[in-house]
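Student: Okay, here's the structure, questions in a sec.
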Amino acid sequence: MSDGTRILVYVNQKGGTGKSTIAYNHGFYLAEIGKRVLFIDGDEQANSSKSLATYAVPSIAASSLFSESPISLPTLPQKLVLLRGDNGLRAIERSAKDDEELVKLLRARLEDIKAGFDYIVIDTAGSNSRVANALLVASEYAVLPCKIDPYSIDVAMDVLKRIVFIQKSWNPGLVNLGILPNEYDSTSPAQKGWLKELASAYPQFMLGAWVSKRSAFREAAGEGIPVWKVASDTDDESPGKVKTAARTAGKEIKAVFQMMQVKMGDA
Numbered sequence: 001m002s003d004g005t006r007i008l009v010y011v012n013q014k015g016g017t018g019k020s021t022i023a024y025n026h027g028f029y030l031a032e033i034g035k036r037v038l039f040i041d042g043d044e045q046a047n048s049s050k051s052l053a054t055y056a057v058p059s060i061a062a063s064s065l066f067s068e069s070p071i072s073l074p075t076l077p078q079k080l081v082l083l084r085g086d087n088g089l090r091a092i093e094r095s096a097k098d099d100e101e102l103v104k105l106l107r108a109r110l111e112d113i114k115a116g117f118d119y120i121v122i123d124t125a126g127s128n129s130r131v132a133n134a135l136l137v138a139s140e141y142a143v144l145p146c147k148i149d150p151y152s153i154d155v156a157m158d159v160l161k162r163i164v165f166i167q168k169s170w171n172p173g174l175v176n177l178g179i180l181p182n183e184y185d186s187t188s189p190a191q192k193g194w195l196k197e198l199a200s201a202y203p204q205f206m207l208g209a210w211v212s213k214r215s216a217f218r219e220a221a222g223e224g225i226p227v228w229k230v231a232s233d234t235d236d237e238s239p240g241k242v243k244t245a246a247r248t249a250g251k252e253i254k255a256v257f258q259m260m261q262v263k264m265g266d267a
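Counting with UniProt numbering, you get residues 1 to 267 for the letters of the sequence shown.
Below you can see the structure in the form of C-alpha cells.
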C-alpha cells in the first residue's frame, strides 16, 4: 500500500463507543477538503452505511473484500464512495479459511480497488472479531475511540495490546494514532479524573484531543449528514442556518481530523 493511498481504521472491541459516528464524519470531512475517499463499513450492523447510504456502490458490499475473485468499482462521480456493511460479513466470520488467508484476500482486493482514492476509511465491528482483526492488519493507521469510564478504559487497554501484537507479528508498518476520548463530558469531575489518569499512565498512546458529548451527532447520523451541517429548526436561530451546537461540534471534530492528518503526514 505504498502508492499514496492512506488506509485508516477505527477500531474498538467494545460497542457503543461512537466509533461509527466519528468514522463517517471523517469520511465527509476528507471529501469536503477535496480528497477522494473510499469508506468501508466492516460492521454487519452497518450503522455507518445508514448515514452514508446515498454514496453506496450499488453492487459491491464490504464482504466482497474477502472474495477470491478480483473486484472492480464502477466509476462514480462523488468524492465519497461507500462499500456498505452486509450480512455476508457474518459468513466471513464463520469461514473455514484461516486468519492468514483472510488477510491475504483482503489485501489483494484492496489492491484491486484503491487506485484513485486518497484515503480508505474503515469502520469495524465493536467486537474482537476475525473481520475486524483482518481490517486492522491490512491498514496503515489505527484510531481507538474510547469512552472515559473505568470499564471502557480497561477494554481499550486490551485493544492496545492487540494492536501491539499485530505490529509485532503481522504488520510492522501499522501506526497507532492513539486513543481518542469520545462522548467526553469535561464538566464531569469523574471523567476529568479518569482522563487525567489515562493520559498520565499511557501518554504515548493518546491522540491528544477528544470529542465532546453532543446531541448534534445523533441528529446528524439520523439525517445522513456531517455534524457541521445540522440545520436549526428553532425560533431563536434562523431556519436553514447551522445549529449553534452543531457548529461547535463540527469545529471540534474537524480539529481532531486535522490533527490526524498531521500525524499521517498529510497536513
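Backbone N, C-alpha and C define an ideal beta-carbon position, used for all residues, glycine too.
Is it true that the CB of Y24 sits closer than 8 Å to the CB of S48?
Tutor: yes
Student: Nearest by alpha-carbon distance to N133: which of R162, W210, S67 and R36 is it?
Tutor: Checked all of R162, W210, S67 and R36; the closest Cα to N133 is R162.
Student: May I ask which residues mark the beginning and end of the beta strand (DSSP E) holding P145?
Tutor: Y141 to C146
Student: Closest to M260 by C-alpha separation, out of L207, K50, Q78 and K251, would be which residue?
Tutor: It is L207.
Student: Along the alpha helix (DSSP H) that carries D98, what are the first and last residues, could you check?
Tutor: From DSSP, D98 is part of no alpha helix (DSSP H); its letter is neither H nor E.
Student: Helix, strand or coil for A231? Go by DSSP, reduced to three states.
Tutor: strand
Student: Who are the near neighbours of A267 in its chain, counting only those whose CB is closer than 7 Å to its CB and skipping five residues on each side?
Tutor: Q261
Student: Please classify A249 as buried or exposed, where buried requires at least 16 neighbouring CB atoms within 10 angstroms.
Tutor: buried
Student: Could you tell me which uninterrupted beta strand (DSSP E) segments, each at least 3 residues in length, are contained entirely in the stretch 166-193, listed from first to last along the chain?
Tutor: 175-181
Student: Indicate whether K196 and T17 have their beta-carbon atoms separated by less than 8 Å.
Tutor: In this structure, T17 does not lie closer than 8 Å to K196 by Cβ.
Student: Please tell me whether L177 and Y141 are closer than 8 Å, where the distance is taken between their beta carbons.
Tutor: yes
Student: Taking the alpha-carbon of A56 as reference, which of V131, Q13, L73 and S152 has the nearest alpha-carbon?
Tutor: The candidate whose alpha carbon is nearest that of A56 is L73.
Student: Looking at L135 and T124, is the spacing between their C-beta atoms short of 8 Å?
Tutor: yes
Student: Which runs of the beta strand (DSSP E) spanning at least 3 residues fall entirely within the stretch 11-57, listed in chain order?
Tutor: Those beta strand (DSSP E) runs which fall completely within the stretch 11-57 and span 3+ residues are 37-42.
Student: Buried or exposed: where does D98 fall if 16 or more other Cβ atoms within 10 Å of its Cβ makes it buried?
Tutor: exposed
Student: Answer yes or no: do W210 and I153 have a C-beta to C-beta separation smaller than 8 Å?
Tutor: no
Student: Ignore the nearest five residues each way along the sequence and tell me which others in V137's own chain have a CB closer than 6 Å to its CB.
Tutor: V103, I166, W170 and N171
Student: Closest to K35 by C-alpha separation, out of D86, Q258, A96 and D118, would be which residue?
Tutor: D118
Student: To the nearest angstrom, report how far apart F28 and L80 are at their CA atoms.
Tutor: Taking the CA atoms as reference points, F28 sits about 7 Å from L80.
Student: Keeping to the same chain, check which residues put their C-beta closer than 8 Å to that of S59; ignore five residues upstream and five downstream.
Tutor: P74
Student: Please state whether the Cβ-Cβ distance between Y70 and D112 is less than 8 Å.
Tutor: The question names Tyr, but residue 70 is Pro in the sequence shown. Taking 8 Å as the Cβ cut-off, P70 and D112 qualify as a contacting pair.
Student: I'd like the list of long-range same chain contacts for L65, defined as Cβ closer than 6 Å, with 5 residues on each side in sequence excluded.
Tutor: In its chain, beyond the 5 residues on either side, L106 and R109 have a beta carbon closer than 6 Å to the beta carbon of L65.
Student: Under DSSP, the beta strand (DSSP E) around I71 begins and ends at which residues?
Tutor: No beta strand (DSSP E) contains I71, which DSSP labels as neither H nor E.
Student: According to DSSP, simplified to helix, strand and coil, what is T244?
Tutor: Under the three-state reduction of DSSP, T244 is assigned to helix.
Student: Anyone know if the C-beta pair for S186 and S212 falls short of 8 Å?
Tutor: yes
Student: Please determine, among E68, S200 and A246, the residue with the shortest C-alpha to C-alpha distance to A221.
Tutor: Looking at the Cα atoms, A246 is the closest of the given residues.
Student: What's the C-alpha gap between G265 and A201?
Tutor: 27 Å
Student: Express the C-alpha separation of R130 and E68 in angstroms, rounding to a whole number.
Tutor: 17 Å
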